[in-house]
Amino acid sequence: MLTHIIVMNLLVPGVLLSVPRRWIRETWRYWPYATVAQLVLLWGWHSPPVLDAAMGSLALMAAMHISLALAAAGFWAAIIDMPATGRWRSIFALLVTGKLFCLLGVLLVFAPRTLYGDMPAHGDGAAMLSPLADQQLAGLIMVVACPLTYVLAGIWIAARWFLALEEQGRMNA
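Under my numbering, the sequence shown has 12 at position 9, and the numbering climbs by one with no breaks.
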């Protein structure tokens, strides 16, 4: 889970913010598809039968990581490339995505049993986590990290939007 969060919410946006803007130009037009693709892949890969299969197959695990990273790249490219007149779209996409990431995390935290069949225990000696505790920790990491990423991005976009509106108001006065 930590790998997903680092790649999807830190690494991918960081890389996209550092590349020339022309590399992602016009991706904003696909923001609805990018948002849906990211959510479908996230929830699809985390459905119990699919994640159980991925845990047992190196090829499926690689496909999961690659597809989630590519979906995150499409999503964040669209968010970063959004023109000033469409900033509400970015905020909407961030809100929806953050809420559904958070919902998945909450389901993992509050599930009364493990949702995934053969999850190995993690840790060493006395610090070993049971599969249920590991699942709950993964969900807690999602509940804290994912919405924080999306909320911070939304605040940054809203601040830029309000500053642009203020500047436009000064120019019109």
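Every residue gets a Cβ at the ideal spot worked out from N, C-alpha and C, and that includes glycine.
- DSSP, read as helix, strand or coil, puts Leu118 in coil.
- The segment 102 to 111 and the segment 77 to 86 do not touch, with fewer than three beta-carbon pairs separated by less than 8 Å.
- Straight-line spacing of the CA atoms in Arg25 and Ala81 works out to 12 Å.
- Excluding the 5 residues flanking it on each side, Ile94 has same chain C-beta neighbours closer than 7 Å at Gly157, Ile160, Ala161, in chain order.
- Look at the beta carbons and you see the segment 106 to 116 not touching the segment 32 to 41: under three pairs across the two are nearer than 8 Å.
- Met67 sits close to Ala57, with the two beta carbons spaced by under 8 Å.
- A check of alpha carbon separations from Arg92 across Trp31, Val112, Thr117 identifies Trp31 as the nearest.
- In summary, Thr100 is buried, with 16 or more beta-carbon neighbours lying within 10 Å of its beta-carbon over all protein chains present.
- With a cutoff of 8 Å on beta-carbon distance, Arg116 and Trp164 are scored as not near each other.
- Distances from the CA of Ala141 to each of Val15, His49, Ile27 were compared; the closest alpha carbon is that of His49.
- Met11 is not a Cβ neighbour of Ala96, given a cutoff of 8 Å.
- Sequence-distant partners of Leu19 (beyond 5 residues in either direction) whose C-beta falls short of 8 Å from its own C-beta, in its chain, are Ile27, Ala76, Trp79, Ala80, Ile83.
- The beta carbon of Val15 sits closer than 7 Å to the beta carbons of Ala72, Ala75, Ala76, Trp79 from its chain, once the five residues preceding and following it are set aside; these are given in chain order.
- By the neighbour-count criterion, in which 16 or more other beta carbons inside 10 Å mark a residue as buried, Met131 falls on the exposed side.
- Of the other Cβ atoms in all chains shown, 16 or more fall within 10 Å of the Cβ of Ile8; this residue is therefore buried.
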